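>
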Amino acid sequence: MRPAAQAHSEWHRACVLTVSDVLELPIMRRGLPEVVSGESHLDREVRWAHVLDVAEVGGLLRGGEFVLNNGFGIGLESQAQRSFIRELHEQEVAAVAVELGLLYRNELPDPMVAAAKRVELPLIALHRKTRFVEVTEAVHQRLMGSDFVLLRRSDELSQRLTDAMLAGGDVPDLLHEVARTLGNPAVLEDASRRVVGMAIHQSSEDVVLRAWQDCLEAELRGDESIPGTVEAPIRLPNGPWGRLLVLEIDSPLDELASIAVTRGADALALRLVSRHQVEELAAHSSGQLLGALAAGRMTEQEGARHASALGFEPRSSTLLSLAAAWRDPRSERAGTGWATLTAEIRRVFRRAGMPSLIGPHRDQLLIVVNPGHEGEPPTLIDEAVDGVMTAADRNQLDHRDLALAVGPVAASWLEVGLAVDRAAKRAAVAATEAPRRWHDARRVTLNDVVHELASSRTLRAYVHDRLEPLLSLTPGRRRTEMLETLETYLRHAGRKTSAAGELHLERQSLYHRLDKLHELLGVDWRDGEELLELHFALRARRFLDKPGPRISN
């Protein structure tokens, strides 16, 4: 790959002003230039344009100048002409242009031409009167304009990077600025060549990862330079950390690339030192991958490629998917996010020799873990759940804080996507249910079905039509009492003695409440279909009114 310094050197060679470029300037073309020597050296770099009207040039030049002369400072003596050319060559000028028509009528003197050919110095005869001041202005504008544009663009990038950091932006924000500036994706690697951050531009993440893997494979083959990439190392106070790469996929990399990558690497290093974000970055990338798999946005090959880029190397074909949700999203623990728990779970799994992908997605924590060996699903699930709950315990958390769901065992990335989706949906529902160590997402429950329908306007209308007379009861204590009675009676399948026992009521008191419910809702306690509809409406109401009381399964 091209380091930033090498890329800058390549850009320098590609965009410098050469003798040939000067000859193509309109003001020079109007002078009808004729190259009489040094034709093979017109690619020499022009550092400056200088009008020289004396024969003694020693000490007046610094090298790289395009010298302009009308002949009077040189004269007609052959020795002076040869000496003039020799001294220009010794001063390492880029070229010399001499105007005809004043001292030298139709052509340059033979001694001058011969001397120039001997040292291969580009010598140009201008057959038409030329305003030298306009030549120098045009050359200097080209030179200064290119530098100025580059300086302005690099300063703009630096300002955007600074603004992003001052606004609290993290590594993904800085990567996005680099990618946006260069019109190409930016990839952040740590020292183990694991992708811990990526900002795409136009191409998809999978296209970027394939290009990145091609680069790594070329490195393994020993290729010293890979076209279409620019990189810069990221160094922290304790040593090398990783590198920033920009891949030429969406648009050509221009002269700004080397400067942008270097400045981006410096900004990233500063943020990594101040925030210690390495594990957070890995978790963020893992969460994005698992979320995309759950949404069905990845093929089998894409899933495998992304997982490998994140350093996930399973040791067996068994993949377990889990999801965790906060039981009370408004709690102080939930407000701190998933970062600390994520790092602890990863450490527990790593010590147990269980490769894992762990990361937040939306308001949940998604996990895929490889037990590292084959075994019966119940055993493998227990091992995975033990790992998560051990980490939770170290963070002073347990199943009363977290709703942990386990999805079906998977053997491919497409199956993982389905399993993660099931686990995430079950965890969301489980957060409203009675706490337990873990919840089984391998089978769909009624609560799962109701949760899926919770955003439906039809379901809301259904609940309103069945329960509105009861829900509009006042005072609130009376409403709660009657709802609890109805729920308990239905949960006990109409067994009055059991329902009365749970409610701590005399049977006559329960009969009185049931009579009142009959008046409010018009329910026939002998009609099983009516009871089913009421039971479903009560279950659905809890999801429409989240957050709400725990639901018993």
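Heads up, the sequence shown is in the numbering used here, so the first residue is -18 and it goes up one at a time.
Note that CB positions come from ideal geometry on N, CA and C, so glycine has one too.
The structure presented is a predicted model; accordingly, all values stated were derived computationally and were not measured.
Would Ser536 be called buried (16 or more neighbouring beta carbons within 10 Å of its own) or exposed?
As displayed, the chain neither begins before -18 nor continues past 534, which places residue 536 out of reach and without an answer.
> With a 10 Å radius around its C-beta and 16 neighbouring C-beta atoms as the bar for buried, classify Asn87 as buried or exposed.
That one is exposed.
> Across the segment 94 to 110 and the segment 15 to 25, are there enough close Cβ pairs to call them in contact, namely three or more that are closer than 8 angstroms?
Yes: at least three Cβ pairs fall under 8 angstroms.
> When the Cα atoms are used, what is the spatial distance from Gln183 to Ala315?
About 35 angstroms.
> Of the residues Lys406, His31, Pro92, which one's Cα is nearest the Cα of Ala119?
Ranking the options by Cα distance to Ala119, first place goes to His31.
> I'd like the list of long-range same chain contacts for His516, defined as Cβ closer than 7 angstroms, with 5 residues on each side in sequence excluded.
Excluding sequence neighbours, His516 sits near Leu471.
> From what residue to what residue does the alpha helix (DSSP H) around Glu15 run?
No alpha helix (DSSP H) holds Glu15; the beta strand (DSSP E) holding it covers 14 to 18.
> Suppose contacts are defined by Cβ-Cβ distances below 7 angstroms. Is Arg296 in contact with Gly353 by that definition?
Cβ atoms of Arg296 and Gly353: closer than 7 angstroms.
> For the segment 66 to 81 against the segment 46 to 58, are there 3 or more C-beta pairs whose distance is under 8 angstroms?
Yes: the two stretches touch, three or more of their Cβ pairs being nearer than 8 angstroms.
> Go through its chain and collect everything with a Cβ distance to Leu253's Cβ below 8 angstroms, but skip five positions before and after it.
So the qualifying residues of the chain are Val152, Ile215, Leu217, Trp222, Val259.
> Compare the C-beta of Arg67 with all C-beta atoms of chain C and state if any pair is closer than 7 angstroms.
This model lacks chain C altogether; it includes just one protein chain.
> Check each candidate in Arg522, Ala324, Met335 and name the one with the smallest Cα separation from Pro341.
Comparing Cα-Cα distances from Pro341 to each of Arg522, Ala324, Met335, the minimum goes to Ala324.
> Out of Val390, Thr280, Arg522, which one is the CA nearest neighbour of Val444?
Of Val390, Thr280, Arg522, the residue nearest in Cα terms is Arg522.
> Can you tell me whether Leu13 is buried or exposed? The criterion is at least 16 other CB atoms within 10 Å of its CB, across all chains shown.
So Leu13 counts as exposed.
> Can you tell me whether His265 is buried or exposed? The criterion is at least 16 other CB atoms within 10 Å of its CB, across all chains shown.
The residue in question, His265, is buried, as its Cβ has 16 or more Cβ neighbours within 10 Å.
> Measure the beta-carbon distance from Glu68 to Thr111 and round it to whole angstroms, keeping in mind my assumption that it falls under 8 angstroms.
With a Cβ gap of about 23 angstroms, Glu68 and Thr111 do not count as contacting.
> Name the two residues that bound the continuous alpha helix (DSSP H) containing Pro218.
It is not in any alpha helix (DSSP H) - Pro218 carries neither H nor E in the DSSP assignment.
> Return the CA-CA distance between Glu313 and Trp307, expressed in angstroms with no decimal places.
Glu313 and Trp307: Cα-Cα distance of roughly 11 angstroms.
> What is the rounded straight-line gap between the Cα of Pro90 and the Cα of Lys98?
Those two C-alpha atoms are separated by around 13 angstroms.
> From the DSSP secondary-structure annotation, give me the bridge partner or partners of Ile240.
Ile240 is not bridged to any residue.
> Return the chain-ordered list of same chain residues with a C-beta closer than 8 angstroms to the C-beta of Ile66, the five sequence neighbours on each side being excluded.
Taken in chain order, the residues that qualify are Val77, Met93, Ala96, Ala97, Val100, Leu102, Leu104.
> So what does DSSP say about Gly44, is it helix, strand or coil?
Of the three classes helix, strand and coil, the one that applies to Gly44 here is coil, per DSSP.
> Apply the 10 Å Cβ neighbour rule to Glu283 and answer buried if 16 or more other Cβ atoms are within range, or exposed otherwise.
Answer is buried; the Cβ neighbour count reaches 16.
> Assign Met179 to one of three DSSP states: helix, strand, or coil.
In the structure shown, Met179 sits in a strand (DSSP, three-state: E or B).
> When the Cα atoms are used, what is the spatial distance from Ala290 to Glu137?
Their Cα atoms are separated by approximately 32 angstroms.
> My output table needs one value for Leu(-2): the three-state DSSP class, helix, strand or coil.
In the structure shown, Leu(-2) sits in coil (DSSP, three-state: anything other than H, G, I, E or B).
> Could you check which residue in Ala518, Arg438, Ala273 has the C-alpha nearest to that of Glu396?
Of the candidates Ala518, Arg438, Ala273, the one whose C-alpha sits nearest the C-alpha of Glu396 is Ala273.
> Quick test of the definition: if touching needs 3 or more C-beta pairs under 8 angstroms, does the segment 359 to 373 touch the segment 321 to 336?
Short answer: they touch.
> Return the chain-ordered list of same chain residues with a C-beta closer than 7 angstroms to the C-beta of Asp235, the five sequence neighbours on each side being excluded.
Same-chain partners within the cutoff: there are none.
> Exposed or buried, which one is Leu226 when buried takes at least 16 other CB atoms within 10 Å?
With 16 or more other Cβ atoms within 10 Å, it is buried.
> Reducing DSSP to helix, strand and coil, say where Ser184 ends up.
Coil, per DSSP.
> Taking the CB atoms as reference points, tell me whether Asn351 and Leu300 lie closer together than 7 angstroms.
Contact: yes.
> Once you ignore the five residues that flank Leu251 on each side, which residues in its own chain have a CB closer than 8 angstroms to its CB?
Within the same chain, Leu251 has close Cβ partners Met146.
> With contact counted as at least three CB pairs below 8 angstroms, one residue from each stretch, are the segment 414 to 429 and the segment 491 to 507 in contact?
Flag = no, the segment 414 to 429 and the segment 491 to 507 do not touch.
> Apart from the five residues just before and just after Ala384, which ones in its own chain have a Cβ nearer than 6 angstroms to its Cβ?
Contacts found: Ala306, Arg308, Ala408, Ala411, Ala412.
> Can you pull the DSSP bridge partners for Ala76?
According to DSSP, Ala76 bridges with Phe47.
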